[in-house]
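Engineer:
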Amino acid sequence: MKLSSLSDRDLRLEIESLLTDYAYVLDEGEIEKWPAFFTEQGLYKIVSRENFEKKLPLALWLSESRAMCEDRVTALRQASVYSPRVLRHLVTNVKILSHDGERVRAQSNFAILQTLLDGETHLFISGKYLDTIVSEGGKLVFEEKICVYDTLRIPNSVVWPV
Amino acid sequence: MKLSSLSDRDLRLEIESLLTDYAYVLDEGEIEKWPAFFTEQGLYKIVSRENFEKKLPLALWLSESRAMCEDRVTALRQASVYSPRVLRHLVTNVKILSHDGERVRAQSNFAILQTLLDGETHLFISGKYLDTIVSEGGKLVFEEKICVYDTLRIPNSVVWPV
Amino acid sequence: MKLSSLSDRDLRLEIESLLTDYAYVLDEGEIEKWPAFFTEQGLYKIVSRENFEKKLPLALWLSESRAMCEDRVTALRQASVYSPRVLRHLVTNVKILSHDGERVRAQSNFAILQTLLDGETHLFISGKYLDTIVSEGGKLVFEEKICVYDTLRIPNSVVWPV
Amino acid sequence: MTELKKFWPKEGPARVPYWVYSDPEVYQRELERIFAGPTWNYVGLEVEVPRPGDFKRTHIGEESVVLVRGKKGDLYVHLNRCTHRGLEVCRESFGNKATIQCPYHQWTYDLCGNLVGVPFRKGVLGQGGMPADFDTKNHGLTSLKVHARGGVIFASFDKNAVPFANYLGETMLKLFDRVFDGRKLTVLGYSRQLIPSNWKLMFENIKDPYHASLLHVFLVTFGLFRADQKSEIRMDSMGRHGALISRKGEQKAGEGTADMASFKADFKLKDPRLLDPVKEFPDANTVVMQTIFPNLIVQQQSNTLATRQIVPRGPNHFELVWTFFGYENDSPEMTQRRLRQANLMGPAGLVSVDDGEALCMTQDGVRAARSGAAVLELGGRDCDGADHMVTESCIRGFYKYYAEIMGFGEEA
Amino acid sequence: MTELKKFWPKEGPARVPYWVYSDPEVYQRELERIFAGPTWNYVGLEVEVPRPGDFKRTHIGEESVVLVRGKKGDLYVHLNRCTHRGLEVCRESFGNKATIQCPYHQWTYDLCGNLVGVPFRKGVLGQGGMPADFDTKNHGLTSLKVHARGGVIFASFDKNAVPFANYLGETMLKLFDRVFDGRKLTVLGYSRQLIPSNWKLMFENIKDPYHASLLHVFLVTFGLFRADQKSEIRMDSMGRHGALISRKGEQKAGEGTADMASFKADFKLKDPRLLDPVKEFPDANTVVMQTIFPNLIVQQQSNTLATRQIVPRGPNHFELVWTFFGYENDSPEMTQRRLRQANLMGPAGLVSVDDGEALCMTQDGVRAARSGAAVLELGGRDCDGADHMVTESCIRGFYKYYAEIMGFGEEA
Amino acid sequence: MTELKKFWPKEGPARVPYWVYSDPEVYQRELERIFAGPTWNYVGLEVEVPRPGDFKRTHIGEESVVLVRGKKGDLYVHLNRCTHRGLEVCRESFGNKATIQCPYHQWTYDLCGNLVGVPFRKGVLGQGGMPADFDTKNHGLTSLKVHARGGVIFASFDKNAVPFANYLGETMLKLFDRVFDGRKLTVLGYSRQLIPSNWKLMFENIKDPYHASLLHVFLVTFGLFRADQKSEIRMDSMGRHGALISRKGEQKAGEGTADMASFKADFKLKDPRLLDPVKEFPDANTVVMQTIFPNLIVQQQSNTLATRQIVPRGPNHFELVWTFFGYENDSPEMTQRRLRQANLMGPAGLVSVDDGEALCMTQDGVRAARSGAAVLELGGRDCDGADHMVTESCIRGFYKYYAEIMGFGEEA
Ligand code: FES
Ligand code: FES
Ligand code: FES
Ligand SMILES: [Fe+3]
Ligand SMILES: [Fe+3]
Ligand SMILES: [Fe+3]
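Chains as they are written, first to last, in our numbering: chain A, 1 to 162; chain B, 1001 to 1162; chain C, 2001 to 2162; chain D, 3001 to 3412; chain E, 4001 to 4412; chain F, 5001 to 5412.
#1: Rounding to the nearest angstrom, what Cα-Cα distance links A:GLU143 and C:GLY2119 in this structure?
#2: Is it the case that the CB of E:HIS4211 approaches a heavy atom of ligand 5 more closely than 7 Å?
#3: At a cut-off of 7 Å, would you count F:HIS5078 as near ligand 4, judging by its Cβ distance to the nearest heavy atom?
#4: Are the C-beta atoms of D:VAL3187 and some chain C residue less than 8 Å apart?
#5: What residues of chain C sit near F:LEU5092, judged by a beta carbon separation below 7 Å?
#6: Would DSSP call D:TRP3322 helix, strand or coil?
#7: Counting only the same chain and skipping the five closest in sequence on each side, list residues whose C-beta sits under 6 Å from that of F:SER5191.
#8: Going by DSSP in three states, F:ASN5205 sits in which element: helix, strand or coil?
#9: Return yes when the C-beta of D:VAL3351 is under 7 Å from any heavy atom of ligand 4, and no when it is not.
#10: Counting only beta-carbon atoms, is D:PHE3203 nearer than 8 Å to chain C?
#11: For chain E, check one thing: does any of its Cβ atoms lie closer than 8 Å to the Cβ of B:ILE1163?
#12: What does a CB cutoff of less than 6 Å around F:TYR5021 pick up in its chain, not counting 5 residues either side in sequence?
#13: Determine contact between the segment 5171-5180 of chain F and the segment 4064-4083 of chain E, defined as no fewer than three beta-carbon pairs at a distance below 8 Å.
#14: Buried or exposed, going by whether 16 or more other CB atoms sit within 10 Å of the CB of E:LEU4274?
#15: Which stretch, first to last residue, makes up the beta strand (DSSP E) that contains C:VAL2073?
#16: Pick helix, strand or coil for D:CYS3090, following the three-state DSSP scheme.
#17: Within the 8 Å Cβ cut-off, does A:ASP131 reach chain C?
#18: Under 7 Å from any heavy atom of ligand 2, does the C-beta of F:GLN5363 make it?
#19: Tell me B:ILE1015's beta-bridge partners as DSSP assigns them.
#20: Alpha carbons only, please: which of D:VAL3026, D:ALA3386, D:VAL3187 and D:TRP3107 is nearest the one belonging to E:LEU4378?
#21: According to DSSP, what are the bridge partners of B:HIS1122?
#22: Classify E:THR4142 as helix, strand or coil using the three-state DSSP reduction.
#23: Beta strand (DSSP E) containing F:PRO5312: first to last residue?
#24: Quick check: is any heavy atom of ligand 1 less than 7 Å from the C-beta of D:TYR3399?
#25: Per DSSP, which residues does D:PHE3154 bridge with? Please list them.
#26: Between the Cα of B:SER1017 and those of C:ARG2009, C:LEU2019, C:ASP2021 and C:TYR2022, spot the shortest distance and give me the residue it belongs to.
#27: Which first and last residues belong to the alpha helix (DSSP H) in which F:THR5221 is found?
#28: Kindly say whether E:ARG4085, judged by its beta-carbon, lies nearer than 8 Å to any beta-carbon of chain A.
#29: In angstroms, rounded to a whole number, what distance separates the CA positions of D:ALA3386 and D:GLU3232?
#30: For D:ILE3153, tell me which candidate among D:PHE3094, D:ASN3041 and D:ALA3132 has the shortest Cα-Cα distance.
#31: Mind pulling the chain B residues with CB within less than 7 Å of E:LEU4111?
#32: Where does D:THR3099 land, buried or exposed, given buried means 16+ other C-beta within 10 angstroms?
#33: Could you name the residues of chain B that D:PRO3103 contacts, counting a contact when the two beta carbons are closer than 8 Å?
#34: For a test of the three-state rule: what should DSSP assign to F:MET5235, helix, strand or coil?
#35: Have a look at D:PHE3203, D:LEU3244, D:LYS3248 and D:TYR3399 and flag the residue whose alpha-carbon is nearest the alpha-carbon of D:MET3172.
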């Protein structure tokens, strides 16, 4: 797919599909497929709205490369202790912020619902995705994905990627 | 509408419309229109993620035909006692899983918000729709609709279809 | 953009974009841009489902003109006292109800998540948008926007537009 | 009844100890002594239940009750609890019914609350049924004492409650009759909100003219309510009911505005229809906010009229139910004016939003307090009415009565 | 144990004071005297833990417990709490493990609950470790008394609990064995719901034949359970366990249906497969609903079989866990029939939805009550079984026993 | 103050009775005796309020307080409660103000907390106003005792609190000064989470070297903290403060790793930048985790530095506020290193997630317990420091002091 050949509307539809595919692997627990959504040097950050607005650099999680995402996956599978949980992403309000022939900047809203051991479903966190997207090998990937979350008081832990 | 003539993207757009129409009749309380979303032998099931993953056959509700859906509607209107409630479906993340010329398999995420007598709106249940869609008489209908819900501990009762 | 030249599907996509842009200014706190989403004589109302169904005329908020929206903005910026809050709109299930060459009537579902000072994110209110949309100067605007909310017992105050 | 070891500060009503706002045992006593006590509680308007069989579900304290119009047009307020096994019988906000039937076992009550139907009372096929001495007369719905005046309906759990007119007292009655003057009312709509504060803070707020000139930029700026305007504070003899009365002035700086940081001389409305009041009451007053103990506020702010009903929901929350109304003979323009001015009031109101926030901030401020008290000294320490609004006497009056009815002794 | 000053009304079990449904101290005493007392609590089915090492996490009262199949096929129920620092060890609903290991410091227990591993017990590099007198024997998991019958597993916190057969009594045991007759069971699936009412209202509901003929239009209309059908009420000698037994009749009006407003003669199913019961038990009964104190309901409604486990969650909520099952030798058609008939039951069941709502409405009705009591006089005031279903005796029996085990004296 | 009839087990600090984690009355006493008692509570860093008028809103116990930089650079911590009617005055996390003004009636305080403005104090047009004897001096904000050291600010509700240096004691002070050595700090960012456990479990966790070698696969695997490394446990003389000190070893099996099931020899990082520590402190220690009673943890884990502030939210929850920081003269590479290593810590941290889960599981394990106690016997039953980490002495020290300050007698 060539970004330059797409109309704005088609671009939005493609990005919606990308975001759906992205959320799908997280909701389905297929986390091993998650790093492939990034470019090799892709930047992935989960940042609180507070730090984001104050321009403080701290992230809840920072990947500076696809490899760092892969390390996160390995850690989640082999090194972390946590109770079972089920996530459900609602990704809406996708908006193209800007684009040239090379890359698109898009924003979208997310709400993640979480169901823990007790079986109750709660609103876990909400926020916006700020994405920079490029086309690589015919598919769209994130060159940068900043997840800015509203939920300053996080309910316990953010175990899985956002 | 011929499924075989639709591009993937158009298919997604059509299915989004179908899901919107489907949720619309439930949110508006026009439940009499609900059975028409299924083929005559259409299968409709509400299944917990627990049973789904364990491959246990029990459904919260099972319709093996459009007629069974109609029976549910009649029961709701004439035979069931329940307090007034308002539903609000948020259906997002529509993804085509597979399709041939005949039928499409699609998945989407749902969250149902419920407002009871006290006027507070709560997240009621969330989950995913696993749909098999065919075209009948020029419109899309469900040959199979499996609602897999995350919310193992259901807040009281599931009165209306999901 | 000419409404009359758009197919149903394109219309839905355009309205989705409009609703995304609308929610964007509210989520980002760019409330000064909000009145421009209405025609000069545009009608904007936030109405409870209770009043709406009983056909009682009271609105939680009523703008009979773009100017009245602007007055609301001025009041919010200069005259009102309220604690900081962050909103997150989830707008889904966009459905064209009717249209002629001049105007489109569309419905969509909304859920607004709110994060207050304590940093917890709550479902604030949900409901449906009932919009009448026209094209003015090449862009879509609301001739009428009725926000019918389900949440009869509002959690404290509705400070920002819905 | 638990024994409450709570004592009022020795400064009397010039202090309000913070525990009144969040102590759960104090709250339980309020439900018992105030809402279920010898008080008259607002339940609705006659026009909400115009025809026989019409009903409205509402709350007094935390108890669910049903207001019903009887066959002959008479009014009843029943406890919304089946006498069989306690089910909340009525589960709709409004409706019309010939009888009141509980869904669980279909015990049926007539509109007056008498038990008139008990399925299988005589048994089935000669077996079972109620005992011979079961007397339906002993199992009717609990009915409250009811009083209607000027189209407004009140109820009391206490059969010995003093007559409503005496309860209000002459001064308050006159102000009440000013709005509810016999003209038929029209409901324009409802708003309902859950405010995260103790219910008494709502009463304080409406009895508090001090804040209006300072908190509400909108009121101050447009001269709708301001400390330098002609105004009065009135109370009944016990201090429990009160009224703030004021006359609109111009949007200009006056003496006193020096203290009013809220005054924004350059704020002009782009659509002036929002503020287009017309005089409609015989007197010159443009605002009369009346508080009727323990659960009603009657609001006349220019041409926007509303009852605000207070439903406590635990010590830290209350529900506020706004019923906006007009008069049956209002012209369409007048109705539209009322609806427009309603933009100032309610959960999204340009003015009321400030109050909702102030109440929330107050509760947040006092909730964790292990000691301390609010200070009410503006205008002195008395509990008398005044011909100005630079006083907190109306709040002091409220707490003087409150401490009495709650039976709080004074600190040693 | 707090001192509870609660007294039962002098009318005895013909009254249930409303405070039993929402008082937090009463609830605490229930957890102590009932769920952790000399009772047998349902924990699961043998078929849920078929192989050694299989476990299931569940709850008795509010305590988390783990049902485990030992190496030799024996059954254990352990308190799900690490004896080191209290962590809830097992955090999965089902699984298989060779040992039970706590993640925090990896104390390890064998399937019988013995502490078999304590990391660093001997120290590291000669430093630290557990004291010489630390004896792992004193730190095993707390294990409950266990009894299995007919493939159903019960546990008791009380080592002195009477044998299960005595606990049930002859009559109840026979009914229990009717369904759990030794055939191997198959789990068809689970449903879980949180019902916003006190847990005892669930028991009342199942012990209450009165409502079935009135509330459940579906049951009445299709003759599945109706007051004019042949039926029985049975109890154990103490009144704590009970059973409602009934035989399906025709969908036609009978004597008694006059009282049954719920009967809808013209309601026909478009897809009749939903109601296609076949006889499968030796006797002619088509419905047997058995309640086993304090946390189990055994449901046989036509061909839909389920255990319903009650987990209290505070005074105002309980969790209801439905385990639908069949028999291993069921034909595919029979399985499908059970699954179809399950449409009547569970959180979305055509019949059960009514009950969930009735329970919620009852809790809403009684929660704010400061006094009063439910009235249980149908069929008299005794606590005996009956050969009809026009009686509330089974509920009275329950509360007679309840007042005893809770130690409530009688009102003066 | 309610009378608490709670007694500590006779085994002393080798046992922690489960009621300390969930009893609401115990919790109330903690708020009174600990957080509002003679303790020094962390409120922030000097660099968070660098200029006059800068403020930060935070909490001590459940009380909202404001840290303010005065005109002359001095520091204040005020109770965030208007002395008029109790409103929580400051509603932003950070900001800058010339004065502190309450929105409700605009009482105004200077930065030192003095009441300097009371609108309408003299009345309006000669009417109303405050009584002549109203003295603003009596109505300033409640100010706490404040102490800053090394750029870190503490406050105490108790005017008689011992000086901070004495409070910490020599050993702890030295460790504190090691990180806060006078260099100016830079805030890198905040993380905030609500952990569903009692606040004391957080302290236990950080005083517990036992779990680190077992729970944290990541730490163990990469040799960041492991039982077989050189390490120390240090406490102040009363046991309330503590420190775990350790030196990084290699990622290889050692003696002791036999017990460490968590060691994963084959886990290699694909992007090794995550673990690229450089030595930056004079000593050889690579980890120092210090707990300062009652609400602060100072974290130095390789190059990631943070304060963790504990805010209790009822017995079953606490908020944990992480402030990650560096030094002003850090190179960009060092800053990036700190940010990268922050991936191990915080609500999504590779290591901290384990702790959040362990705390949650512990609370779930003990909440329903009606009796029982945690067992703390690793390393003996004393409360002394040690030159290894195979001991729970640091937790025992904490509970020894806790039982004292809470006034719990011993079980008979
Ligand atoms: S509870 Fe109302 S009829 Fe039985
Ligand atoms: S708490 Fe279980 S091993 Fe320590
Ligand atoms: S409450 Fe702060 S000024 Fe009145
Ligand atoms: Fe006000
Ligand atoms: Fe039933
Ligand atoms: Fe740890």
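Beta carbons: idealized from backbone N, C-alpha and C, even for Gly.
Fair warning: this is a prediction, and the values are worked out from it, not measured in the lab.
Structural biologist: With the given structure in hand:
#1: 30 Å
#2: yes
#3: no
#4: yes
#5: Reading off the sequence shown, one finds Glu at residue 5092 of chain F, where the question assumed Leu. The answer, in chain order, is PRO2084.
#6: strand
#7: TRP5322, GLY5346 and PRO5347
#8: helix
#9: yes
#10: no
#11: Outside the shown range of chain B, which is 1001 to 1162, sits residue 1163 of chain B, and nothing can be said about it.
#12: ASN5198 and VAL5366
#13: no
#14: buried
#15: Counting along the chain, C:VAL2073 falls outside any beta strand (DSSP E), though it belongs to the alpha helix (DSSP H) covering 2066-2074.
#16: coil
#17: no
#18: no
#19: For B:ILE1015, which the question treats as bridged, DSSP gives no partner whatsoever.
#20: D:TRP3107
#21: B:GLN1114
#22: coil
#23: 5304-5312
#24: no
#25: D:TYR3042 and D:HIS3147
#26: C:ARG2009
#27: 5217-5221
#28: no
#29: 6 Å
#30: D:ASN3041
#31: Result: empty, since nearest Cβ-Cβ is about 22 Å, beyond 7 Å.
#32: exposed
#33: VAL1081
#34: strand
#35: D:LEU3244
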